[in-house]
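Asker: Chains A and B, in that order, give the protein sequences.
Per the working numbering: the first sequence = residues 288 to 405.
Per the working numbering: the second sequence = residues 18 to 130.
Attaching a single structure in C-alpha cells format; questions to follow.
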Amino acid sequence: ETGVTQTPRHLVMGMTNKKSLKCEQHLGHNAMYWYKQSAKKPLELMFVYNFKEQTENNSVPSRFSPECPNSSHLFLHLHTLQPEDSALYLCASSQELTAAGLNTDTQYFGPGTRLTVL
Amino acid sequence: AQSVTQLDSHVSVSEGTPVLLRCNYSSSYSPSLFWYVQHPNKGLQLLLKYTSAATLVKGINGFEAEFKKSETSFHLTKPSAHMSDAAEYFCVVSEDSGYALNFGKGTSLLVTP
Chain A
288 ETGVTQTPRH
298 LVMGMTNKKS
308 LKCEQHLGHN
318 AMYWYKQSAK
328 KPLELMFVYN
338 FKEQTENNSV
348 PSRFSPECPN
358 SSHLFLHLHT
368 LQPEDSALYL
378 CASSQELTAA
388 GLNTDTQYFG
398 PGTRLTVL
Chain B
18 AQSVTQLDSH
28 VSVSEGTPVL
38 LRCNYSSSYS
48 PSLFWYVQHP
58 NKGLQLLLKY
68 TSAATLVKGI
78 NGFEAEFKKS
88 ETSFHLTKPS
98 AHMSDAAEYF
108 CVVSEDSGYA
118 LNFGKGTSLL
128 VTP
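Put into C-alpha cells, the structure is as follows:
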C-alpha cells in the first residue's frame, strides 16, 4: 500500500467503550498528525508527533490518548467518549518539522475514520 | 496569530466555465499557504502550495492560485470546470510558530452539466 492508510474507516461505539484508531504511513515521513473534522467547523489539529515524540497537544481532552510507537504508525486510543466527539478523524504525515518548529512541508492525509458515538 | 477566511461556503458553476474560490488570510509574517481538496469519503489532497517563491502557483488538475500580499488573498482559480472538480476545497495557512496548519471552513464546489 502507498500513502497514508487509516483503519477502521467507520466506527460506532458506545460511551463506555474503549477503541483505537490506527494510522500507517508508507512515505518515509517523520512527522504525524491527528485532526478532527466536525460538520460545519474547520479542521482542528489534535496532536503532532515528530520522530516519535509528541510535540503538540492542542488542549485535547484526556479521553483521547495518542500513541506513536514508531515513525510509521500512529494510534488514537478512545475511552468514555461523548456524542459530541462524533466526527471524521484524519491522520496526516509530513517529512518532518524544522528545528524552528515551522511547518511548511506538505501534509499527506489518510481517508479518515468516521466515528459515531452513541 | 494566523487565520484564514474562505469567503464563500458554496460555489456553483457550470461545466466548462471558470472557477474562482476566494481566500483571505491574516498573518504576522510571510506565510506558507496551501489549497487542499477533499472528495466525498476521501482524505485531503494537496492541490498547490505557496512558500515565498513565485506568487503565481500552479497546481494539479489545472488549478492555480495567486498570492497577493497587498490584498492578503490567495484565491484559487481554474479556467474550465470539470464535473470531477466537485468537492470541498480548503485554504490553509501555516503558523509562524508551532506546528499547526490553520484551515479555513471550506468551500463546497458544485459543478452542473
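Ideal placement from N, C-alpha and C gives every residue a C-beta, glycine not left out.
Note down, in chain order, every chain B residue with its Cβ under 8 Å from the Cβ of Leu-308/A.
Answerer: Here residue 308/A refers to the residue found at position 21 of the first sequence. Those within 8 Å of Leu-308/A in chain B number zero; the least Cβ separation is about 14 Å.
Asker: Anyone know if the C-beta pair for Phe-120/B and Leu-363/A falls short of 7 Å?
Answerer: Residue numbering aside, residue 120/B sits at position 103 when the second sequence is read from its first letter. Residue numbering aside, residue 363/A sits at position 76 when the first sequence is read from its first letter. In this structure, Leu-363/A does not lie closer than 7 Å to Phe-120/B by Cβ.
Asker: Taking DSSP as the reference, what is the three-state secondary structure of Gly-388/A?
Answerer: Residue mapping note: residue 388/A aligns to position 101 of the first sequence, counting from 1. Confidence at Gly-388/A is low in this model, with a pLDDT of 49, below 50, so the placement of that residue should be treated as unreliable; the coordinate-derived value is given next. Coil.
Asker: Given that a residue counts as buried once 16 or more other Cβ atoms are within 10 Å of its Cβ, and exposed if not, what is Pro-398/A?
Answerer: Here the question's residue 398/A lines up with position 111 in the first sequence. Buried: at least 16 other Cβ atoms inside 10 Å.
Asker: Measure the alpha-carbon distance for Gly-60/B versus Pro-295/A and round it to whole angstroms.
Answerer: Along the second sequence, one-based indexing puts residue 60/B at 43. Along the first sequence, one-based indexing puts residue 295/A at 8. Distance between the alpha carbons of Gly-60/B and Pro-295/A: 14 Å.
Asker: Roughly how many angstroms separate the alpha carbons of Ser-43/B and Ala-82/B, rounded to a whole number?
Answerer: Taking the first residue of the second sequence as 1, we reach residue 43/B at position 26. Taking the first residue of the second sequence as 1, we reach residue 82/B at position 65. Approximately 17 Å, taken between the alpha carbons.
Asker: Does Ser-349/A come out as helix, strand or coil in the three-state DSSP assignment?
Answerer: Taking the first residue of the first sequence as 1, we reach residue 349/A at position 62. Coil at Ser-349/A, not helix or strand.
Asker: List the residues that DSSP assigns as beta-bridge partners of Met-319/A.
Answerer: Translated into positions along the first sequence, residue 319/A becomes position 32. Answer is Tyr-336/A, Ser-380/A, bridged to Met-319/A.
Asker: Shorter than 7 Å from the beta carbon of Thr-393/A to some beta carbon of chain B?
Answerer: Counting from one through the first sequence, the residue named residue 393/A turns up at place 106. Output row for Thr-393/A: interface = yes.
Asker: Please classify Thr-303/A as buried or exposed, where buried requires at least 16 other C-beta atoms within 10 Å of its C-beta.
Answerer: As a position in the first sequence, residue 303/A is number 16, starting the count at 1. Its Cβ having fewer than 16 others within 10 Å, Thr-303/A is exposed.
Asker: If you drop the 5 nearest sequence neighbours on each side, which residues of the same chain put their C-beta closer than 7 Å to that of Gly-388/A?
Answerer: The residue given as residue 388/A occupies position 101 in the first sequence. Low confidence applies to Gly-388/A: its pLDDT is 49, below 50, so where it sits in the model is not reliable enough to give any reading.
Asker: Considering Ala-104/B, what are the terminal residues of the beta strand (DSSP E) in which it resides?
Answerer: To locate residue 104/B, count along the second sequence from 1; it is residue 87. Run containing Ala-104/B: 104-111, per the beta strand (DSSP E) assignment.
Asker: Could you pull the start and end residues of the beta strand (DSSP E) that Lys-150/B belongs to?
Answerer: Here chain B has residues from 18 to 130 only, and residue 150/B is not among them.
Asker: Applying the 10 Å Cβ sphere with the 16-neighbour rule, what's the burial state of Tyr-106/B?
Answerer: Here residue 106/B refers to the residue found at position 89 of the second sequence. Answer is buried; the Cβ neighbour count reaches 16.
Asker: Starting from Glu-81/B, trace the beta strand (DSSP E) in both directions and tell me its first and last residue.
Answerer: Within the second sequence, residue 81/B is the residue found at index 64, counting from 1. Residues 81-85.
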